[in-house]
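Trainee: Residue numbers for the sequence shown follow UniProt numbering, so the first one is 1 and each next one is one higher.
Yeah, the Cβ is synthetic: ideal placement off N, Cα and C, and Gly gets one too.
My structure is below; once you've seen it, I'll send some questions.
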Amino acid sequence: MVGLNDILISPADRREANASAFGRAWLEQIGPEAAAAAKTLRENAAQGAGMQEMANAYRKLFRVCVAPGTAIAAEDGLPIMMAWLSALDGLIDNPQQARLPDQLSKRTEALLNAKTGAFWLRRTINLLDLYPEQAKALPDDIMRRLRVLQGSTTRKVEQQYSRLLAAVFPKFANALLARPPKYPPQLVGVTDRVRPLHSAPLA
């Protein structure tokens with residue numbers, strides 16, 4: 001039965017509640033060892049660490065979250081994208097911290113300037129559209145560059161790593177995974193998209 005509080009909740013709060021529930025359920029499914037590795041990577045990303053510093057935790061999570069046969073490619077620019085997600089995550093949780101808008105701006109510019117940045121543009125813009133208040137931290141010229149490059153033809157790198165990134169940043173799991181189920185708490189058996197790959201590989 002739906003309660004009055006469920007009916008009156010704002011769309012934004014409902015979205016956040018659903019996203020949080022989805023993220024928690026995803027972490028439960030990948031298992032405690034992978035979840036611990038994801039936490040380590042989240043801490044690394046906050047510091048802007050490179051792949052060398054992330055290597056041990058990355059390998060543990062990679063085995064669970066990335067499709068078999070996917071090569072570990074440093075040129076994919078995964079650390080840059082993780083640093084960007086960390087900046088957005090921090091700004092959402094701590095909007096009053098004066099340094100965070102500048103950090104998001106700098107990490108967005110770093111993503112744009114990287115030769116691999118175009119691989120991640122679709123996810124980047126989707127998340128900024130989901131969090132318009134945080135997007136206001138970005139200067140107009142950076143937003144224009146993002147929009148201009150939005151239609152660029154890119155490899156589907158963001159799809160290869162979407163499960164891994166969803167584990168590292170469970171708040172964004174709902175947005176990062178391609179086809180999340182409608183009801184986050186009821187994940188088991190709903191869709192292959194949200195099962196660990198060791199139990200149900202992608203088709």
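Using alpha carbons as the reference points, say which of Tyr-161, Leu-41, Leu-127, Arg-145 lies closest to Asp-76.
Mentor: For the purposes of this step, residue 76 is taken as residue 76 along the sequence shown, with counting starting at 1. With distances taken between Cα atoms, Asp-76 lies closest to Tyr-161.
Trainee: Under 6 Å Cβ to Cβ from Met-81, same chain only, skipping five residues before and after it: list those, please.
Mentor: Counting from 1 along the sequence shown, the entry for residue 81 is found at position 81. Counting only Cβ-Cβ distances below 6 Å, and skipping sequence neighbours, we find Trp-120.
Trainee: When the distance is taken between beta carbons, is Gln-150 closer than 8 Å to Ile-125?
Mentor: One-based indexing of the sequence shown puts residue 125 at position 125. One-based indexing of the sequence shown puts residue 150 at position 150. Yes, they are a contact pair.
Trainee: Say whether chain B places a C-beta atom closer than 8 Å to the C-beta of Ala-118.
Mentor: Annotation note: the requested chain B is absent from the structure, which comprises a single protein chain.
Trainee: Would you kindly work out how many angstroms separate the C-alpha atoms of Arg-63 and Phe-172, rounded to a whole number?
Mentor: Locating residue 63 in the sequence shown gives position 63, counting from the first residue. Locating residue 172 in the sequence shown gives position 172, counting from the first residue. Straight-line Cα distance between these residues: approximately 21 Å.
Trainee: Are the CB atoms of Leu-27 and Ala-35 nearer to each other than 8 Å?
Mentor: Locating residue 27 in the sequence shown gives position 27, where the first residue counts as 1. Locating residue 35 in the sequence shown gives position 35, where the first residue counts as 1. Against a cut-off of 8 Å, the Cβ pair of Ala-35 and Leu-27 comes out as a contact.
Trainee: What is the residue span of the alpha helix (DSSP H) that Asp-140 lies within?
Mentor: Indexing the sequence shown from 1 puts residue 140 at position 140. Taken as a continuous stretch (DSSP letters only), the alpha helix (DSSP H) holding Asp-140 covers 140-149.
Trainee: Measure how close the beta-carbons of Ala-45 and Ser-86 come, nearest whole angstrom, since I'm counting them as under 8 Å.
Mentor: Here residue 45 corresponds to residue number 45 of the sequence shown, with the count starting at 1. Here residue 86 corresponds to residue number 86 of the sequence shown, with the count starting at 1. Correct: roughly 4 Å between the Cβ atoms.
Trainee: Beta-carbon separation of Leu-61 and Ala-38 under 8 Å?
Mentor: The sequence position of residue 61 within the sequence shown is 61, counting from 1. The sequence position of residue 38 within the sequence shown is 38, counting from 1. Yes.
Trainee: Rounded to a whole number of angstroms, what is the C-alpha to C-alpha distance between Pro-101 and Gln-29?
Mentor: Taking the first residue of the sequence shown as 1, we reach residue 101 at position 101. Taking the first residue of the sequence shown as 1, we reach residue 29 at position 29. Approximately 33 Å between the Cα atoms of the pair.
Trainee: If we ignore side chains and look at the alpha-carbon of each, how far apart do Ala-19 and Val-66 end up?
Mentor: The count along the sequence shown starts at 1 and reaches residue 19 at position 19. The count along the sequence shown starts at 1 and reaches residue 66 at position 66. So the alpha carbons of these two residues sit roughly 21 Å apart.
Trainee: At what residues does the alpha helix (DSSP H) containing Trp-84 begin and finish?
Mentor: Position 84 of the sequence shown, counting from 1, holds the residue named residue 84. Note, Trp-84: alpha helix (DSSP H), 78-93.
Trainee: For Thr-108, does the three-state DSSP call read helix, strand or coil?
Mentor: By 1-based counting over the sequence shown, the position of residue 108 is 108. Helix, per DSSP.
Trainee: Secondary structure at Lys-169, three-state DSSP: helix, strand or coil?
Mentor: Within the sequence shown, numbered from 1, the residue matching residue 169 stands at position 169. Lys is not the amino acid found at residue 169; the sequence shown has Phe there. If DSSP states are grouped into helix, strand and coil, Phe-169 belongs with coil.
Trainee: Rounded to the nearest angstrom, what separates Glu-53 and Glu-16 at their Cα positions?
Mentor: Within the sequence shown, the letter at position 53 stands for residue 53. Within the sequence shown, the letter at position 16 stands for residue 16. Taking the straight line from one Cα to the other gives about 31 Å.
Trainee: Take the Cβ of Val-148 as the centre, count every other Cβ of all protein chains shown within 10 Å, and call the residue buried at 16 or more, exposed below.
Mentor: The residue labelled residue 148 in the question sits at position 148 within the sequence shown. Its Cβ having fewer than 16 others within 10 Å, Val-148 is exposed.
Trainee: Under the rule that 16 or more other beta-carbon atoms within 10 Å means buried, what is Gly-31, buried or exposed?
Mentor: In the sequence shown, counting from the first residue as 1, residue 31 sits at position 31. Exposed: under 16 other Cβ atoms inside 10 Å.
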